[in-house]
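Protein chains in written order, with numbering that gives the first Met the number 0: chain V, 0 to 220; chain X, 0 to 220; chain C, 0 to 220; chain Y, 0 to 220. Virtual Cβ for every residue (Gly too), placed ideally from N, Cα, C. Quick caveat: nothing in here was measured; it's all calculated off a predicted structure.
4 protein chains.
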Amino acid sequence: MPPEYIEPIPRADLHLKGKREQTKAQNREMILEAARRVFAELGYGAATVRDIIRTTPLASGTFYNYFRSKEEVFQAIQDESALRIRPRLHEERAKAQSIEEFISGTFRTFFEFVANDEANFRAIHRNTDTLRVRMDTAEIIAGFQELREDLETAIAKGLLPPVDADFLMAALIGVAFELAERMLRREFADTNATAEFATALFMGGIRALPNVPSLAPPANA
Amino acid sequence: MPPEYIEPIPRADLHLKGKREQTKAQNREMILEAARRVFAELGYGAATVRDIIRTTPLASGTFYNYFRSKEEVFQAIQDESALRIRPRLHEERAKAQSIEEFISGTFRTFFEFVANDEANFRAIHRNTDTLRVRMDTAEIIAGFQELREDLETAIAKGLLPPVDADFLMAALIGVAFELAERMLRREFADTNATAEFATALFMGGIRALPNVPSLAPPANA
Amino acid sequence: MPPEYIEPIPRADLHLKGKREQTKAQNREMILEAARRVFAELGYGAATVRDIIRTTPLASGTFYNYFRSKEEVFQAIQDESALRIRPRLHEERAKAQSIEEFISGTFRTFFEFVANDEANFRAIHRNTDTLRVRMDTAEIIAGFQELREDLETAIAKGLLPPVDADFLMAALIGVAFELAERMLRREFADTNATAEFATALFMGGIRALPNVPSLAPPANA
Amino acid sequence: MPPEYIEPIPRADLHLKGKREQTKAQNREMILEAARRVFAELGYGAATVRDIIRTTPLASGTFYNYFRSKEEVFQAIQDESALRIRPRLHEERAKAQSIEEFISGTFRTFFEFVANDEANFRAIHRNTDTLRVRMDTAEIIAGFQELREDLETAIAKGLLPPVDADFLMAALIGVAFELAERMLRREFADTNATAEFATALFMGGIRALPNVPSLAPPANA
DNA sequence: GATGAATGAGAATTCATTCAT
DNA sequence: TATGAATGAATTCTCATTCAT
C-alpha cells in the first residue's frame, strides 16, 4: 500500500559538488521525497520509517544518517515548505500599497504555492487514519505570527481599519487552508479563481468588521 | 503525562435504571470522558488505549467491552458532538429569514457549543504530536454537506446571491474552526464577540463575492 | 465460525427428577454437547469457553457452575467416551473364546462406537490449528493399559502366542485410530468392512510375530 | 518451566560464509532448535513464542525476522523432518524387489530416523495439554500420499495382492507412529527389534487381507 | 443457581532505533 | 558511509475466570 520505489530524477544543481557530497545530498532528497509521499498517503501516525525507506533504494539504517527520527524528517518537510513560502508571503505583503494588494497578494501566493507543491501540502495537511492534520512546527507558528504582525503594521499604517488582528489572522488562515483543500479536490486547480474568491470575501468583509483592537495577548500567538 | 483518574460525578439521571444498567452507562461515559481528556492532551496519534484506561478505575479489558478500538472511541466522541450540534445548526439556518440571520445564527450556535463543550472540541480539534487534527467521520462530513445544501437552498430562495456554495461552505468552516480555536485561547471565551466578528466578515464579504455557481462536483462534497 | 446455538432436544430420561435437578442435568448436557461440537470444529487449543457457551442459551458464568475449567470439560468428554466404550471392549475381549473373537470383537466394537459417536471422536481426535490430537486422560490411559492386560491374559491362557504385548497393544491402537479416521472420511462409514480389514491384518500378522515377551516396563504403560 | 538457554554448538559447516550470513543461519537454527525443545516439552498448544525465544539468547523481535508466527516455525520443523525422511522412504520402497523389502525397508528407515531425530519427532508427535498431536502439513500429507501411491504401484506390479491401499497405508502409518512412540519410551530404543515386529505383523497380515481395491476417493488422500 | 460485566495476566506483534560488519 | 539484522519496549487485544447482582 505504501508507494513504490521510483528512480530518482538526477538534479542538475548537484553537478558542482564532489561525488561524496552529491550522493549525500541526493540521498537526503530521496528520503525527503519518499517521506512526503508516504506521509501524504498514510498520514504521519500510520506511516513507518520502514515504509519510507522501502520507497527508496536505501537501507533502513541509512535513514538515521540523515535524520535523527521520524519526527525530524516530518519537521524537515514542514519547515522546508514554510521556509520557502514565508519570505514570499511576507515580501508580498510588505510591498502592498493597498489593502487589496495585501489580501490578494497573500492568497494568490499561497494558492500558487499549494498547487505547485501539492505533495508537500498533502504530506502536511492530510492524514489517513480518518484524520486531517495541520501543522504546528516552529517555522509555521512563526509564519502565523508574522502574518499577524504584518496585519498590525498595516493597521498602524492606516492601510487597515483597527480590527482584531488576531481574529483576522485566524480567519485568513482558516479560509486559506480550507479553500486550498477544496481547490485541490477539483478537476482543475484554478488558483486565480480561488484567490479571487477569497480576496473578494475579505475585501468586502474587512470593511464591515467591528473596529476594536485585538483582545488576544499580544506576545505569544 | 496522561491525565490522572478523577472521581466520576454521580449523575442524577441514572436513578431509574437497575444497578447493572447504571454501572454500564457510567462506565461507558467514564471511558468517553477519559478518552476526551487524553486525546485533548496527547492528540489522537500519540494517545494509546492504555493511556485512556489508566485514567479510569477500570481494567484494561473493560475498554473492549465498550469499544472495539481506539478509533471507535474517537469516532464515538466525534459523532456524539456532531450529532448534538448538527440539528441545532440546521434548525437555526432553516428558520433564518435573512442572510444575516443565516450567518449569525450559524456562528453563534457553533461558538456557544464549542465553549460549552470545550473538552470535546479539543479532543477532536487538537493534537500534540506536532499535529492538529480535524474530523472526517460520516457524521461530520454529513454536517458539512448539510451546510452546503442549506447554502444552496438559500441561494435558490434568493436569500443569497448565486455564489460558489462549495467555496463559501469551506470559508465558513475554516473561519468557524480557526476562530473557535483562538477564542478558547483567550482569558475569557466571548462567544458573542467572536460570532459578531465572523458574522460581520461574511455579511460584508458575501456581497462582494463573484456571482458564479460552484465549480465543485455537486454530489460528493 | 463456531457452531450456532441449536435448540436442545428434550430427553425422556430426565422426566423423573425434580425440576431443579432436571434443569441442572440438562444444562450440563447442553454444555457438554456444545463443547463436543466446538472442540470438533475448532480444536481444543483454538476453542474458547466463550465459543462453547455462545452455542448455548446459557451465560458465561454458568459454565463454571458445571465445570471448573475448559480443561475439565474436555476431560469430561474424553472420560465420558472412554467410560462408555471401555467396559464394552473389555467385556468383548473377556468373553472371547478364540484369538479371532478377541481381535474382531475389539475392532468391531470400536468402529461401531466411533461411527455412532462421531462428534465425540472428532472432538477428541481432531483438531484444527493444522494438528491432529490424541487423548491422554486417566480414563483413556487406563483403557490402553486394560487392553495390554487383556492381551497378557490371553497369552497366559494360550489364546495368543507369547508376543510383545506392549507393542501389540500399540499396533492395535494405531491401526484402530488411523482406520477410524479413514473410515469417517469415506462417503459411507462401513464399520463391518473396516473391522474385517483390521481383523484380517492382525489375524494373519499375529501368527508371524516374533515369540518374545514384551520388553516394556510392565507396570506403567 | 520451559527449557533453559543452552549455549549453541559451533557448527563446522558454517566456516565459508561471511559473518553476517553465518550469524543468520545460526540464529535460524537456534530458534528452530529452541522451538523443537519447547514444543516437545509443552506441546504445540501450550507453547508460546515467548517460551521459544526465552530459551534463546535472542530478543523477542528477532523471532519475527525468521518466522512470521508460531505456526510457521512449527511447520518449518515438520517440513524439515518430512523433507528429510520422505525421499529416503520413497527410495527404499522403490528399490524393493519383494513385499518383504518394501515393508521392512519402510519400517527400518522410519524407526532409525525417529531414533536419531528424537527431538523433532517429539516436537511433532507429543503434546502436553493432555493432547498428543500429529502432523498435517503439506509435506506430510504428501508423504502419506506417496506411500499410498507406492502401495498402488506395488499392487500393479504384482508385488502386493490387490488390497485396499488407502486402509493399508493408514494401518502402516498408525503402527509406525504408535510403535515409534512406544520404542522411545523404553530404556534402549531398539530400532531393529521394533522394525522386525512391525514387519512380521504386516508380512503375515497382508496375505490375509481381503482382496478388494480401495473404496476411498482416489485423488485426495 | 443464573447472569454477564469486570478483571488483568499474558499473548502476539510492531517498529523506531542501534550497532556490528 | 551504507547496510540490514537485532533489539526490546510498548501496544493492542484476548480470554479464562471471578463476582456483584
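Opening and closing residue of the alpha helix (DSSP H) in which residue i lies
i                : result
Arg19 (chain X)  : 18–45
Phe110 (chain V) : 98–115
Asn210 (chain X) : Where Asn210 (chain X) is concerned, there is no enclosing alpha helix (DSSP H), given that its DSSP letter is neither H nor E.
Pro161 (chain C) : Unbroken run through Pro161 (chain C): none, as it is neither H nor E.
Lys69 (chain V)  : 69–93
Thr61 (chain Y)  : 59–65
Glu49 (chain C)  : The residue you asked about is not Glu; residue 49 (chain C) is Arg in the sequence shown. Start and end: 48–53.
CB contact flag (residue i, residue j, <8 Å)
i                : j                : result
Leu146 (chain X) : Ala153 (chain X) : no
Ala199 (chain V) : Glu177 (chain X) : no
Arg92 (chain C)  : Asp50 (chain C)  : no
Glu151 (chain X) : Ala164 (chain X) : yes
Phe66 (chain X)  : Tyr43 (chain X)  : no
Val162 (chain V) : Ile205 (chain V) : yes
Phe201 (chain C) : Leu208 (chain Y) : no
Ile76 (chain C)  : Leu31 (chain C)  : yes
Val174 (chain Y) : Gly173 (chain C) : yes
Phe62 (chain V)  : Ile52 (chain V)  : yes
Gly203 (chain Y) : Gly142 (chain C) : no
Rounded separation between residue i and residue j - CA only
i                : j                : result
Thr190 (chain C) : Glu117 (chain Y) : 35 Å
Asn26 (chain Y)  : Phe120 (chain Y) : 21 Å
Pro86 (chain V)  : Gln21 (chain Y)  : 55 Å
Ser59 (chain Y)  : Lys94 (chain Y)  : 47 Å
Ala194 (chain Y) : Ala81 (chain Y)  : 19 Å
Leu183 (chain Y) : Phe166 (chain C) : 12 Å
Ile140 (chain Y) : Ala46 (chain V)  : 41 Å
Ser68 (chain X)  : Glu40 (chain C)  : 28 Å
Ala114 (chain C) : Val211 (chain Y) : 22 Å
Glu90 (chain X)  : Thr55 (chain X)  : 37 Å
Gln144 (chain X) : Arg107 (chain V) : 27 Å
Leu57 (chain C)  : Ala188 (chain C) : 34 Å
Lys23 (chain C)  : Asn64 (chain X)  : 29 Å
Thr129 (chain C) : Asp78 (chain Y)  : Residue placement at Thr129 (chain C) cannot be trusted, given a pLDDT of 37 that sits under 50; the coordinates are not used to answer.
Glu100 (chain C) : Leu88 (chain C)  : 12 Å
Arg185 (chain X) : Thr105 (chain X) : 21 Å
Ala155 (chain Y) : Ala192 (chain C) : 23 Å
Phe110 (chain C) : Val48 (chain V)  : 60 Å
Met29 (chain V)  : Met168 (chain V) : 35 Å
Glu70 (chain C)  : Glu70 (chain Y)  : 22 Å
Gln96 (chain C)  : Glu138 (chain Y) : 45 Å
Assigned exposure category for residue i - 16 Cβ within 10 Å defines buried
i                : result
Phe112 (chain C) : buried
Ala34 (chain V)  : buried
Arg83 (chain V)  : exposed
Arg36 (chain X)  : buried
Lys18 (chain Y)  : exposed
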